[in-house]
Structures are given as C-alpha cells and as structure tokens.
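Numbering (the numbering used here), first residue to last: 1 to 202.
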C-alpha cells in the first residue's frame, strides 16, 4: 500500500503466506490483509500495518591502538562494516602487535522496532559496551578463551542511539576475538548488520 488509507491491490491467494519479493531500502511499506468469505461477496478488512526497511551502507568507526588502554593516538582510523572479527593468533593489521592492542568502535545504532533488545559481546580479552549512553557490559579482564556477555535494554523503533564498544587483546595465551550481536522479539539473533550502524555524526 502507498499509505495508511489507500494503496494498490496486489494479489488474491488461498494460502496464509505471501512473499513480496525484493524490497527497496530506506522505504516505509504499509500492508493490509482482507478476508473474503467463501460466498465471494462478503469482505472483512484487516488492520493496516507498516514497517521501514533499513538503508544500505552504514558501518561503525574503529580506532585501533598499540596498547591495551586505548591511549595515545590511534594508529588506524577506519569504518568497519560490523564488529565481527576472529583474528586468532594474528594481528588486525601489520601496524599493530599480535598482542597488547585495543580498539574503540563508536557510532550510532538504528533500531526498527520499539521493544527490548539483547546485546551479546563475544570477546577474548576485555570488553565494555555502551548503548544509549548506558554502560551495559563491563568485563575489562583477561581471558583464555572467547567469553560471552549479554545485557537487555528497551529502545524505541525508528530512533538512533549512541553505541560504543571498547575491546583489548592482552593475553598472549589466547586468540583475539571481538563480536557484537543482538536479538529482540522481532529479530533473530545475529551479528548486528552494517545497515543498522552509522558512523559518528560529523
């Protein structure tokens, strides 16, 4: 439908599922399902629903440091599409050591629905996570294996919130892993996609 009061008829079908095909990005869609009784003359109009698809692109700013305390000048500043890294025993970049480095990812996250969102960090070693200016994960310690932490926060659909994740790798006995996922009643658990992330406002 083009809006909440009118629209374009799409299809009659006897089944209970319908696949609309590819949808445009950054677009609001409305739909209504009408039921027609077997006499084919009595129609019951359904409620109008809507959703907005996310925009393409996006990503989050990553600042990479040559120590475990995010100090001094960052040696790398770039836009990472997601926080989904498993460097194992390697380094993120030739300019960084294999151990004793840290990263701060910062930007904004856009949420599609008004509901509770659970954020999952999976890291080796330490991690801190802020969402909507709230520190919701604080595990700034060495580990010998990737460790998961989670926290849940209520967010409003269609809004963008500040998000910051800080990470360090300092344990020479462990692999370097940094991943950030989410889920909600409407979103299956997944790495937070690039389209939901925005670099910091300039």
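Beta carbons: idealized from backbone N, C-alpha and C, even for Gly.
Quiz prompt | Helix, strand or coil at residue 195 according to DSSP, with G and I counted as helix | solution = The three-state reading of DSSP puts residue 195 in helix, counting H, G and I together.
Quiz item: Where DSSP assigns a beta bridge to residue 167, which residues make up the other side?
Solution: Its beta-bridge partners are 103, 127.
Quiz prompt | N-terminal and C-terminal residue of the beta strand (DSSP E) that residue 60 is part of | solution = Unbroken beta strand (DSSP E) run through residue 60: 60-65.
Quiz item: If we count Cβ pairs, one from each stretch, closer than 8 Å, do we get three or more for the segment 118-130 versus the segment 178-191?
Solution: Short answer: they touch.
Practice problem: Give the single residue among 152, 109, 132, 139 whose Cα lies nearest to the Cα of residue 58. | Solution: Closest option to residue 58, Cα to Cα, is 109.
Exercise. Could you check what DSSP says for residue 37 in three-state terms: helix, strand or coil?
Key: Look at residue 37 here: in three-state DSSP terms it is coil, with no helix or strand label.
Quiz prompt | residue 60 burial status per 10 Å Cβ neighbour count (16 or more: buried) | solution = Buried, by the Cβ-count rule.
Quiz item: Taking contact to mean at least 3 C-beta pairs separated by less than 8 Å, is the segment 111-118 in contact with the segment 64-73?
Solution: Judged by Cβ distances under 8 Å, the segment 111-118 makes no contact with the segment 64-73, as fewer than three pairs qualify.
Exercise. Would you tell me roughly how many angstroms separate the C-alpha atoms of residue 102 and residue 188, rounded to the nearest one?
Key: Cα to Cα, the separation comes out at about 29 Å.
Quiz item: Where does residue 30 sit, in a helix, a strand or coil, going by DSSP?
Solution: Strand, per DSSP.
Quiz prompt | Coil, strand or helix - residue 42 by DSSP | solution = It is coil, neither helix nor strand.
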